[in-house]
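A.B. asks:
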Amino acid sequence: MTRGPLFPKLSLKVRYRHKVLLKRNVWPFTWPIILELSCVVLMGIISTVLVARLGADKTAAVGLTDGITWIIISVMTAVALGGSVVVAQSFGRGDRASALSAAGQVMVLGLLVALVSMFSIFLFSDSMLYIVAYGAEEEVIALSDKYLNLVALSYPALAITLVGSGILRAVGNSRLPAMSNIVMNLLNILFSYPLIYGMHGFMGIEWQGFGMVGAGLGITLARWAGAAIILLCLTRNSTFIVSFRQYFSGFEKKILFDILGVGVPASVESLMFNLGKLITQIMVAGLGTVAMAGNVITFSLLLLLNIPGNALAMTSTVLVGKRLGQNRPKAAFQEMQLIFWTATIVLCLFSAVFVPLSPYMAAWYTDEADVVEVILNLVFINAIMMPAWAASWVLPAAFKGAKDAKFAMYISIASMWGGRIVLGYILGIYFEFGIYGIWSGMFADWWIRGSIFYFRMMRLGWLKSYLKVKVASASIK
1 MTRGPLFPKL
11 SLKVRYRHKV
21 LLKRNVWPFT
31 WPIILELSCV
41 VLMGIISTVL
51 VARLGADKTA
61 AVGLTDGITW
71 IIISVMTAVA
81 LGGSVVVAQS
91 FGRGDRASAL
101 SAAGQVMVLG
111 LLVALVSMFS
121 IFLFSDSMLY
131 IVAYGAEEEV
141 IALSDKYLNL
151 VALSYPALAI
161 TLVGSGILRA
171 VGNSRLPAMS
181 NIVMNLLNIL
191 FSYPLIYGMH
201 GFMGIEWQGF
211 GMVGAGLGIT
221 LARWAGAAII
231 LLCLTRNSTF
241 IVSFRQYFSG
251 FEKKILFDIL
261 GVGVPASVES
271 LMFNLGKLIT
281 QIMVAGLGTV
291 AMAGNVITFS
301 LLLLLNIPGN
311 ALAMTSTVLV
321 GKRLGQNRPK
331 AAFQEMQLIF
341 WTATIVLCLF
351 SAVFVPLSPY
361 MAAWYTDEAD
371 VVEVILNLVF
381 INAIMMPAWA
391 ASWVLPAAFK
401 GAKDAKFAMY
411 ISIASMWGGR
421 IVLGYILGIY
431 FEFGIYGIWS
441 GMFADWWIRG
451 SIFYFRMMRL
461 GWLKSYLKVK
471 VASASIK
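Okay, structure coming up:
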């Protein structure tokens with residue numbers, strides 16, 4: 001497919017339309033997500049700070065645990081993504097029955113993934129950690145094992161929250177997920193602080209707290225509270241009511257095919273990507289506790305920097321899916337371009353501001369000079385590489401809205417293993433550039449995949465893929 005009257009080159013009229021789209025469609029949907037992610041990331045930073053104050057070994061232990069948890073979260077997120085794309089397209093074309101059926105089925109799938117993951121952690125956590133934390137100190141591994149088994153209890157609650165939030169966003173309601181996630185993360189801090197540090201003098205109570213175990217208990221309790229809130233939001237909203245009965249209606253072959261058509265490739269992509277992150281984490285673990293702590297804290301800080309990009313990525317999935325469900329490919333393409341360039345510009349500006357602020361932010365976490373030096377250097381290098389971020393992460397999210405998940409999966413896996421793993425090992429371990437060499441492999445991964453995804457956007461490969469999947473789905477009874 002070539003660019004013709006359907007996809008004209010940018011003109012004054014098109015640029016004006018982009019401004020209108022930004023004001024009417026993109027911004028109203030995106031700002032609640034930005035608010036939500038800001039709260040989530042800030043609460044995550046505070047949680048990390050609370051643990052970091054217990055010592056570098058505790059910080060490293062939580063970092064190792066998060067590596068495994070993020071693999072599981074990524075699979076649940078991918079399943080939720082498949083459901084949200086199907087719900088968005090069904091809702092966009094006015095087929096509420098199919099949208100409701102997809103909502104019920106994706107919730108059940110998410111819970112099944114969560115339960116299997118939880119019991120796997122209970123049975124095999126020690127073996128997993130000895131692989132992931134190869135080269136780490138025994139004390140760090142023991143702390144990680146205790147923390148991981150606690151956090152695993154929250155996986156079903158997390159699945160409910162992820163799937164439920166995705167369903168609400170798919171029908172254009174991004175405010176309720178934002179409110180519920182903000183409340184959940186505030187509860188995390190309210191629960192975690194006394195559980196970690198205890199209570200001293202409050203109402204005459206003297207209690208030392210549970211230390212790092214308290215952090216695990218706090219996040220688990222908060223996630224279950226968040227799950228209850230999101231289930232309530234699904235049954236009481238003005239846009240799209242999903243009753244509890246819907247979760248017991250069984251699976252429909254066609255809808256399940258559509259959900260898994262996005263969810264399976266996205267799950268494989270996320271699984272392989274996070275496996276790659278674990279391998280790089282293993283490489284970092286062999287560099288010592290300072291490098292591990294610096295790595296964990298820097299990633300925590302960069303979550304704050306990447307909030308606009310992640311919010312726009314989530315927006316792109318829903319809006320592209322909705323436009324294609326309405327049979328409006330021109331609008332889908334224009335909104336995809338608009339979101340991509342907005343994310344690129346905003347992230348580059350944020351990075352320029354973030355670098356001079358990073359010394360103060362690093363001081364939130366630690367006062368260990370060696371760890372702070374690692375953090376500041378990594379933040380600076382990250383800012384230089386930021387122009388590639390949106391192409392690497394926002395565009396594949398938009399492609400998934402068009403059910404073009406397999407292409408993103410293949411490219412992401414190849415780029416991650418070729419850049420992040422192989423090049424990271426060569427530079428970081430073989431040539432002994434340490435953590436900076438390992439991160440250079442990650443940045444190479446960004447540029448490789450970002451270039452390919454940008455080319456696919458402009459050549460409309462994602463739209464060709466969508467039309468093929470649409471024909472295949474229509475043939476299933």
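full-length UniProt numbering applies: residue 1 is where the sequence shown begins, and numbers increase by one.
Beta carbons: idealized from backbone N, C-alpha and C, even for Gly.
Compare the C-alpha of E335 against each of S412, F350, L319 and Q89 and name the closest.
C.D. replies: The residue with the shortest Cα to Cα distance from E335 is L319.
A.B. asks: Can you tell me which of K330, I426, A405 and L395 puts its alpha carbon nearest to the alpha carbon of R449?
C.D. replies: Of the candidates K330, I426, A405 and L395, the one whose C-alpha sits nearest the C-alpha of R449 is L395.
A.B. asks: Using beta carbons (cut-off 8 Å, strictly below), is A142 in contact with chain C?
C.D. replies: In the displayed structure, chain C is absent; only one protein chain is listed.
A.B. asks: Tell me the rounded alpha-carbon separation between Y247 and P329.
C.D. replies: Looking at the two C-alpha atoms, the distance is approximately 32 Å.
A.B. asks: Runs of 3 residues minimum, wholly inside the stretch 45-79: which ones carry the beta strand (DSSP E) assignment?
C.D. replies: Those beta strand (DSSP E) runs which fall completely within the stretch 45-79 and span 3+ residues do not exist here.
A.B. asks: Would you list, in sequence order, the uninterrupted beta strand (DSSP E) runs of no fewer than 3 residues that lie entirely inside the stretch 270-309?
C.D. replies: Listed in chain order, there is nothing to give.
A.B. asks: To the nearest angstrom, how far is the alpha carbon of I381 from that of W439?
C.D. replies: Looking at the two C-alpha atoms, the distance is approximately 9 Å.
A.B. asks: Compute the beta-carbon to beta-carbon distance between A102 and V86, rounded to the nearest angstrom, for a pair I have assumed lies under 8 Å.
C.D. replies: That pair is a contact at about 4 Å.
A.B. asks: Suppose you measure from the CA of G92 to the CA of G172; what does that come to, to the nearest Å?
C.D. replies: Each residue's alpha carbon lies about 10 Å from the other.
A.B. asks: What are the start and end residues of the alpha helix (DSSP H) that includes L460?
C.D. replies: L460 -> no alpha helix (DSSP H), and no H or E assigned at all.
A.B. asks: Runs of 4 residues minimum, wholly inside the stretch 210-263: which ones carry the alpha helix (DSSP H) assignment?
C.D. replies: Listed in chain order, the complete alpha helix (DSSP H) runs (minimum 4 residues) inside the stretch 210-263 are 212-235.
A.B. asks: I want to know whether the stretch 417-432 touches the stretch 355-371 - three or more CB-CB distances under 8 Å.
C.D. replies: With a cut-off of 8 Å, the stretch 355-371 and the stretch 417-432 do not count as touching, because too few Cβ pairs lie within range.
A.B. asks: Considering only residues of the same chain and omitting the five flanking positions on each side of V151, which have a CB-CB separation below 8 Å?
C.D. replies: So the list reads T65, T69, G216, I219 and T220, once near-sequence residues are dropped.
A.B. asks: Could you give the residue range of the alpha helix (DSSP H) that holds A102?
C.D. replies: Note, A102: alpha helix (DSSP H), R96 to V132.
A.B. asks: Given this structure, state the Cα-to-Cα distance separating E139 from V49, to the nearest angstrom.
C.D. replies: If you take the alpha carbons of E139 and V49, they lie about 20 Å apart.
A.B. asks: Would you mind stating whether A331 and R323 have Cβ atoms separated by less than 8 Å?
C.D. replies: Result yes, Cβ atoms of A331 and R323 sit closer than 8 Å.
A.B. asks: For A408, which residues in the same chain have their Cβ closer than 8 Å to its Cβ, ignoring the five residues on either side in sequence?
C.D. replies: Here the set comprises P265, A266, E269, P396, F399, K400 and F453.
A.B. asks: Report all residues from its chain with a CB closer than 8 Å to the CB of F433; omit the five preceding and five following residues, and keep chain order.
C.D. replies: Only L427 and S440 meet the Cβ criterion.
A.B. asks: Grab me the residues of A178's own chain with a C-beta within less than 6 Å of its C-beta, minus the 5 sequence neighbours each way, in chain order.
C.D. replies: Closer than 6 Å at the Cβ level, and outside the excluded window around A178, lie P32, L35 and E36.
A.B. asks: What's the gap between the Cα of G110 and the Cα of A52?
C.D. replies: When rounded, the distance between both Cα atoms is 32 Å.
A.B. asks: Excluding the 5 residues flanking N237 on each side, which residues of the same chain have their C-beta closer than 8 Å to its C-beta?
C.D. replies: Cβ neighbours of N237 beyond the five flanking positions: L168, N173 and L176.
A.B. asks: Nearest to F240 by alpha carbon, out of S84, A352, F431 and Y410?
C.D. replies: Cα-wise, what sits closest to F240 is S84.
A.B. asks: Taking the C-alpha atoms as reference points, what is the distance between S38 and L304?
C.D. replies: The alpha-carbon atoms of S38 and L304 are separated by roughly 7 Å.
A.B. asks: Given a cut-off of 8 Å on the beta-carbon distance, is the pair A80 and A157 in contact?
C.D. replies: No.
A.B. asks: Assuming contact is defined by CB atoms lying nearer than 8 Å, are S90 and G325 in contact in what I supplied?
C.D. replies: It is a contact, given that the beta carbons lie within the stated cut-off.
A.B. asks: Figure out for me which residue from A383, W462, D145 and L115 has the closest Cα to the Cα of M128.
C.D. replies: The shortest Cα separation from M128 among A383, W462, D145 and L115 belongs to D145.
A.B. asks: Where do the ends of the alpha helix (DSSP H) carrying I141 lie?
C.D. replies: First-last of the alpha helix (DSSP H) with I141: E138 to V151.
A.B. asks: Round the Cβ separation of M416 and F257 to the nearest angstrom and send it over; I've been treating them as touching at under 8 Å.
C.D. replies: That pair is no contact at about 27 Å.
A.B. asks: Give a yes or no on whether the C-beta atoms belonging to V113 and A159 are separated by under 8 Å.
C.D. replies: Yes. Within cutoff.
A.B. asks: Where does V284 land, buried or exposed, given buried means 16+ other C-beta within 10 angstroms?
C.D. replies: The residue is buried, with at least 16 neighbouring Cβ atoms inside 10 Å.
A.B. asks: Could you tell me whether the Cβ atoms of N188 and A222 are closer together than 8 Å?
C.D. replies: In this structure, A222 lies closer than 8 Å to N188 by Cβ.
A.B. asks: With distance defined between alpha-carbon atoms, name the residue in R456, G211, V371 and R96 nearest to V242.
C.D. replies: That would be R96, whose Cα lies nearest to the Cα of V242.
A.B. asks: Is A398 helix, strand or coil when you go by DSSP?
C.D. replies: Note: A398 maps to helix in three-state DSSP.
A.B. asks: What's the gap between the Cα of G55 and the Cα of V346?
C.D. replies: In a straight line, the C-alpha of G55 is about 35 Å away from that of V346.
A.B. asks: Roughly how many angstroms separate the alpha carbons of S358 and N377, rounded to a whole number?
C.D. replies: So the alpha carbons of these two residues sit roughly 10 Å apart.
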